[in-house]
Amino acid sequence: MAVSDHVDFNTFMEGVKRRNAYQPEFVQAVQEVAEDIFDFIQDKEEYHAQQILRRIAEPDRVVSFRVCWEDDKGNIRVQRGWRVQNNNAIGPYKGGIRFHPSVTESVLKFLAFEQTFKNALTGLPMGGGKGGSNFNPKGKSVREIMRFCQSFMTELYRHIGADIDVPAGDIGVGGREIGYMFGQYKRITNEFTGVLTGKGLEWGGSLIRTEATGYGAVYFLENMLATRGDGVAGKTAVISGSGNVATHAAEKIVQLGGKVLTLSDSGGFIHDPDGITQDKIDWVKTHKTHRRGRIEDYCAEFKGATFHAGQTPWGVKCELALPCATQNELLGDDARTLVANGCIAVSEGANMPTDLEGVHVFKAAKLLYAPGKASNAGGVAVSGLEMSQNSARRSWKEDELQQMLKDIMSGIHARCLEYGQQGGGYCDYVRGANIGGFKKVADAMLAFGVV
Ligand code: NDP
Ligand code: 2IT
């Protein structure tokens with residue numbers, strides 16, 4: 001085979017930027033991965049010759065569609081819907097669906113790209129995908145949400161399938177929305193299959209799927225701390241978000257003897273110096289998920305807590321930080337503040353919550369810093385176990401699943417150590433996760449030839 005011209009990192013990134021103009025989130029996600037992969041493949045001719053990273057950074061396909069629905073007043077509303085199928089080298093496309101006004105093609109392309117590496121790290125046979133809409137569920141009635149989900153699935157159904165592409169939840173999509181979408185899929189196709197995960201327990205769902213992302217992020221944190229003979233017990237934690245991932249991360253921190261000081265939403269953060277106990281977490285779950293309330297109401301319910309409008313919680317002194325809301329919510333200055341305040345470990349529950357500058361700050365400070373594609377993989381891992389249970393037409397018990405989740409998070413941690421160990425007891429988990437995820441997908445792609 002002819003030795004190809006090696007494209008260097010800068011030329012590669014220039015091409016990514018040129019081809020994806022106006023897609024900053026996607027470019028950011030590719031750059032964070034490419035920084036490590038170019039180093040890893042410099043002496044690996046075949047990965048260059050076969051243009052593996054170039055191919056992973058170009059989605060297999062992006063499906064975009066119109067979603068029409070009728071609001072309660074009879075107005076016709078028009079939204080955009082997408083499914084990004086990034087890569088299916090190691091299994092069917094797999095990844096969540098996000099409903100949020102900030103959703104764009106760039107956001108979904110970055111999420112599908114990240115998902116490809118994350119899913120590979122779980123060790124389960126799942127490719128990477130992501131979908132969603134710029135639909136804003138806030139302030140909508142339950143009937144409006146149902147009609148929107150049905151209309152969304154009326155288009156999406158033709159692109160997915162239990163062995164093709166298996167969506168799940170993400171921001172703005174929980175058990176209720178999965179129910180409406182599954183119902184519509186079943187109605188259109190007359191097929192009861194494991195085409196979505198995060199389903200209700202009565203209709204093919206798996207135990208602990210709801211808790212898995214937040215719990216998994218804390219298991220990963222425990223694994224990182226254990227490398228220094230330490231643990232979560234007795235430590236203070238700052239958490240952002242107050243949705244599925246944030247509340248379950250908080251719950252696991254409390255179960256392990258840590259003290260949670262903050263939660264947040266898009267309006268600001270609450271600081272409770274007494275600690276956010278299980279009772280208080282239960283209140284937040286009900287208030288945010290069922291009553292669709294605001295986190296600031298916490299302060300009227302629990303005395304001693306303060307609300308900080310329009311701010312993120314990273315200025316609160318802590319030992320552990322878990323960003324669990326959304327992308328780019330923790331910037332370079334926030335990272336510097338955390339380090340200066342003595343934070344020792346960061347475990348990302350959200351996808352790409354730390355911007356590139358923040359990532360470089362954490363790396364330079366040699367923090368125990370886990371990127372989301374490693375630490376938040378517990379959710380999709382249990383989704384993978386839900387797929388297995390659906391295929392086998394059986395259900396595993398809770399303690400079996402809890403153990404499998406713990407084992408998978410430890411396995412991801414071990415894979416990060418394998419590729420990220422830098423000597424002197426420091427592990428670059430970003431590098432470990434990027435290379436660990438890349439290698440599995442890349443080797444499968446090599447086997448398939450040029451397709
Ligand atoms: P939820 O919809 O349950 O909660 C989202 C939380 O983040 C809410 O508190 C919300 O506040 C806040 N938030 C959302 N967007 C913004 C924004 N632009 N600025 C500030 N706050 C914001 O979502 P999840 O908990 O499921 O998801 C949170 C993160 O975790 C996302 O990055 C998601 O991709 C990631 N993730 C989720 C997994 C899952 O299984 N659910 C798996 C792996 C990762 P408000 O209520 O004000 O909107
Ligand atoms: O970002 C993620 O990993 C998710 N939203 C979960 C995806 C899934 O298929 O369970």
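So the sequence shown is numbered by my numbering: it starts at 1 and just counts up by one.
Virtual Cβ for every residue (Gly too), placed ideally from N, Cα, C.
Check whether residue i and residue j have beta carbons under 8 Å apart
i	j	result
L225	A345	yes
A29	F220	no
C324	C343	no
T122	A414	no
E191	I145	no
S410	A217	no
I457	E251	The chain is shown only over 1 to 451; residue 457 falls outside these bounds and no answer can be derived.
L330	G310	no
R83	V63	yes
F113	A162	no
A461	T197	An answer regarding residue 461 cannot be provided, because it is not within the stretch 1 to 451 covered by the chain.
G172	H248	no
G81	L201	no
I276	Q402	no
G423	R431	no
G231	E222	yes
For residue i, the three-state DSSP class (helix, strand or coil)
i	result
V67	strand
A2	Caution is warranted here: a pLDDT of 47 is assigned to A2, below 50, making its placement in the model unreliable, and no coordinate value can be reported.
L261	strand
Q184	helix
H290	helix
K199	coil
S347	strand
S106	helix
F99	strand
A457	With the chain covering only 1 through 451, there is no way to say anything about residue 457.
Y22	coil
W82	strand
R61	strand
D170	strand
V254	helix
Q30	Looking at the sequence provided, one finds Val at residue 30 rather than Gln. V30 falls in the helix class under three-state DSSP.
N390	helix
Q403	helix
T189	helix
A112	helix
S383	helix
N119	helix
Straight-line gap, residue i to residue j (C-alpha atoms, nearest Å)
i	j	result
E14	R54	12 Å
M1	I97	Any reading at M1 needs caution, since the residue's pLDDT is 43, under 50, leaving its predicted position unreliable; the model's value is listed next. Whole-angstrom Cα-Cα distance: 42 Å.
L320	E398	28 Å
G437	L446	15 Å
A21	E105	12 Å
K366	L405	27 Å
R143	A364	50 Å
G194	L124	16 Å
A340	S102	32 Å
F12	Q51	11 Å
D265	Y180	25 Å
Q85	A305	43 Å
K280	Y215	17 Å
I160	V254	38 Å
H6	V27	21 Å
D428	L368	8 Å
F182	S375	28 Å
Residue-chain proximity (residue i, chain D), Cβ-Cβ < 8 Å
i	result
G127	In the structure shown, chain D cannot be found, because there is only a single protein chain.
Any contact between the segment 389-405 and the segment 122-133? By contact I mean 3 or more CB pairs, one from each, below 8 Å.
no
Using 8 Å as the threshold, is the segment 283-300 in touch with the segment 230-243, meaning 3 or more CB pairs across them?
yes
For the structure I just gave you, are there three or more beta carbon pairs, one from the segment 109-122 and one from the segment 37-47, closer than 8 Å?
no
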